[in-house]
Structures are given as structure tokens and as C-alpha cells.
Amino acid sequence: MADTQKCAHPACNCKAEPGSRYCSTYCHDAGKTVELSCNCGHPGCAEELTHSG
Numbered sequence: 007m008a009d010t011q012k013c014a015h016p017a018c019n020c021k022a023e024p025g026s027r028y029c030s031t032y033c034h035d036a037g038k039t040v041e042l043s044c045n046c047g048h049p050g051c052a053e054e055l056t057h058s059g
């Protein structure tokens, strides 16, 4: 179960891909950039901030 860690991008709520610290290329490229919402494109990730108004 070592592959169930959260994506290392601070704004992302997804689980990291097996063998990676990130869930997507977007998050890998963003690294530790501070963002208000994640744009990785996975359902339920950025939508959580969009709908909590």
C-alpha cells in the first residue's frame, strides 16, 4: 500500500501515481508552486474548491 500517498503538489487532493510522488504531469511540472486550486484535470480535485462558495 505504499502507492496510496497523496500527490506531492500542495493544492492537489489526488493520490499519487504508482512509482511517482505526483498524480499527473501537470502536478509534477507545478512541483511545490503555491496555487489556490489544482488544474490536474482529475474529477473531484479542483471542483472541491469551485463548489465550496
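In the numbering used here, the protein residues as written are 7 to 59.
Virtual Cβ for every residue (Gly too), placed ideally from N, Cα, C.
Do E41 and A17 have their CB atoms nearer than 8 Å?
yes
Please confirm whether S30 and G47 have their CB atoms less than 8 Å apart.
yes
Determine the extent of the alpha helix (DSSP H) in which T39 is found, giving its start and end residues.
Neither: T39 is in no alpha helix (DSSP H) and is coded neither H nor E.
Using alpha carbons as the reference points, say which of S43, G37 and N45 lies closest to H15.
G37
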